[in-house]
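Down below is the structure, laid out as structure tokens.
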Amino acid sequence: MGTVLYIIVLVALMYFMLIRPQQKRQKETQEMMAAMAVGDSAVTIGGLHGVIAEIDEVNNTITLDCEGIYLVFDRRAIARTQKADPMNTKEANDIVSDAAEEEAHESEVIVEDAQDVEVGDQQENDQN
């Protein structure tokens, strides 16, 4: 009876340590492949970065634009993708953060000036 229980525990352990994580990764990869669109950034399994210029569903290939050079890859050669930013929010966020940094710097200058005034007042009181 103990041997049968040991085998059952071993099979369950193998399922949760090997089979289930592999199925999860395969499902994530399939979802990524289905969500790819023209204009998205992509990285191949070889490490080549580019922008998806064309998706051929019939031949199951993807054409990447790598700074003006168009390369055709099998769909399964794409390791990861990143959605395009149609609203150009990254640039807008950079502008907002630059403005926030300038405002923070100005407030630091004001605080430093106020501290200098307090030190000066304190020195005058000490002299009197």
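If you count by full-length UniProt numbering, then the sequence shown holds residues 1 to 128, one letter each, in order.
The beta-carbon is built from N, C-alpha and C at its ideal position, and this holds for glycine as well.
A quick note: this is a predicted structure, and the numbers were derived from the prediction, not measured.
*Residue from 78, 102, 14 whose Cα sits closest to the Cα of residue 42*: 78
*Taking the alpha-carbon positions, what's the residue 64 to residue 36 distance?*
Those two C-alpha atoms are separated by around 12 angstroms.
*Around the C-beta of residue 50, are 16 or more other C-beta atoms found within 10 angstroms, so that it is buried, or is it exposed?*
buried
*beta strand (DSSP E) containing residue 70: first to last residue?*
69 to 74
*asked:* If I follow the unbroken beta strand (DSSP E) through residue 58, where does it start and stop?
replied: No beta strand (DSSP E) holds residue 58; DSSP gives it neither H nor E.
*Supposed close pair residue 53, residue 70 - CB separation, criterion 8 angstroms*: 6 angstroms
*How would you call residue 7, buried or exposed, if buried means at least 16 neighbouring beta carbons within 10 angstroms?*
Here residue 7 is exposed: its Cβ has fewer than 16 other Cβ atoms, across all protein chains shown, within 10 Å.
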